[in-house]
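See structure below.
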Amino acid sequence: MKKIVLCLVVLSSLFLSQQSVFEVVFPGNEVPKWFSCCRDLKERSECEVAVEIPPNFKWSKTGLALCAAVEIKQNRSGNCCLIARVYMDEECSHEHAVYFDSKERSQLTCGCIIPFHTMIAKTRSGLPPYKFQVSFELTIKGSVFFESCGVHLVIKDDLPVPKTKFFLNHCLQM
């Protein structure tokens, strides 16, 4: 159990400290608990999550963390692709694909972080949005399904400070 908690702490630190697009695939069957917007799903190959942006939100050094837990129910040869599309104010500003092997029955969690400056630069207006809509889709239908999907607005203050009581309590609660 300690190993799993340590992995989740390392994962949260990775997600919350990245300044460029970053992705990870690891064994697991749920979106980490610290994700602010989550949807539990069963037997679905598509998912959408909406996020409202607070009016006083600070855009510097921030990003959007995306995560999806999937279950591979049948052995299939080849790769599966999880496609995440980020819509800012209803305009698709970013599409990200995470590939994983679907040869074995298993449960995986795929995650990525996309800095806001990357997404805002791709919009027509070049201005920060007031809402996000994220759609998740799996390319292999019928044998790979979502367990859950999540989106988290990443801000610099989310980073736990190591070696503090808060950090240790945060680790133990995961």
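Counting from 94, one number per residue, gives the positions in the sequence shown under our numbering. C-beta: ideal position from N, C-alpha, C; glycine also.
- Residue environment analysis places E188 among the exposed positions, since fewer than 16 neighbouring C-beta atoms fall within 10 angstroms of its C-beta.
- Looking only at V227, K135, V124 and C130, the smallest Cα-Cα distance to F239 is reached by K135.
- For G121, the closest alpha carbon among the candidates Y192, A161 and E141 is that of A161.
- For T202, the three-state secondary structure derived from DSSP is strand.
- Per DSSP, reduced to three states, the secondary structure at I233 is coil, with no helix or strand assignment.
- Boundaries of the beta strand (DSSP E) around S186: E184 to D194.
- Apart from sequence neighbours up to five positions away, the residues of its chain that approach T155 with a beta-carbon distance below 8 Å are P208, F209, L246, V247, I248 and K249, ordered along the chain.
- Annotation for N172: the continuous beta strand (DSSP E) segment containing it runs N172 to M181.
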